[in-house]
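K.L.:
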Amino acid sequence: MKILFLHGWNSVVGGVKPTFLKDAGHEVINPALDDDDFDAAVRTAQAEYNRHPPDVVVGSSRGGAVAMNIQSESTPLVLLCPAWKNWGRATTIKPNTIILHSRVYWGKLVKNASPSLCW
Numbered sequence: 029m030k031i032l033f034l035h036g037w038n039s040v041v042g043g044v045k046p047t048f049l050k051d052a053g054h055e056v057i058n059p060a061l062d063d064d065d066f067d068a069a070v071r072t073a074q075a076e077y078n079r080h081p082p083d084v085v086v087g088s089s090r091g092g093a094v095a096m097n098i099q100s101e102s103t104p105l106v107l108l109c110p111a112w113k114n115w116g117r118a119t120t121i122k123p124n125t126i127i128l129h130s131r132v133y134w135g136k137l138v139k140n141a142s143p144s145l146c147w
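Residues 29 to 147 in our numbering are what the sequence shown spells out, letter by letter.
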């Protein structure tokens, strides 16, 4: 499976999570996202998405907020503790999104998704 992995703020390319996915046999695209300029991070993620269309986009923390702000069409999103309140303009998620996070944040994000998609 081809995975576009978007790392969190001040995280490094090739960190524990993308390495785990790679070691599990997945093809992992893991671009370096700008920590200081959110819009630049979104542009980088969008360029990688367009260049290497993935089977799934995984975003961790700030990378989850980046994932919510790219044009990912019908590609599934897996958001790990998405920091959507701190960055970006997206306030809802699209169908076919899985959130792995505390239930506290579900209410505002899940307006466009089935509750069964959020664990």
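Note that CB positions come from ideal geometry on N, CA and C, so glycine has one too.
1. L32: which of D51, P59, K122 and G43 sits nearest, CA to CA?
2. Please report the straight-line C-alpha distance between I81 and C109, rounded to a whole angstrom.
3. Of all the options V106, A69 and D67, which has the alpha carbon lying nearest to the alpha carbon of V85?
4. Starting from G175 and walking both ways along the alpha helix (DSSP H), at which residues does that stretch end?
5. Starting from K30, follow the alpha helix (DSSP H) in both directions and report where the run begins and ends.
P.N.:
The structure says:
1. Walking along the sequence shown from the start, residue 32 turns up at place 4. Residue P59 is the option with its Cα nearest to L32.
2. Residue 81 sits at position 53 when you count from the first residue of the sequence shown. Residue 109 sits at position 81 when you count from the first residue of the sequence shown. One point to set straight first is that residue 81 is Pro, not Ile, in the sequence displayed. If I take the Cα positions, the gap works out to 23 angstroms.
3. For this step, residue 85 is matched to residue 57 along the sequence shown. Minimum Cα distance to V85 is reached at V106.
4. The structure shown does not extend to residue 175, since the chain is modelled only from 29 through 147, so no value can be given for it.
5. The count along the sequence shown starts at 1 and reaches residue 30 at position 2. From DSSP, K30 is part of no alpha helix (DSSP H) but of the beta strand (DSSP E) over K30 to L34.
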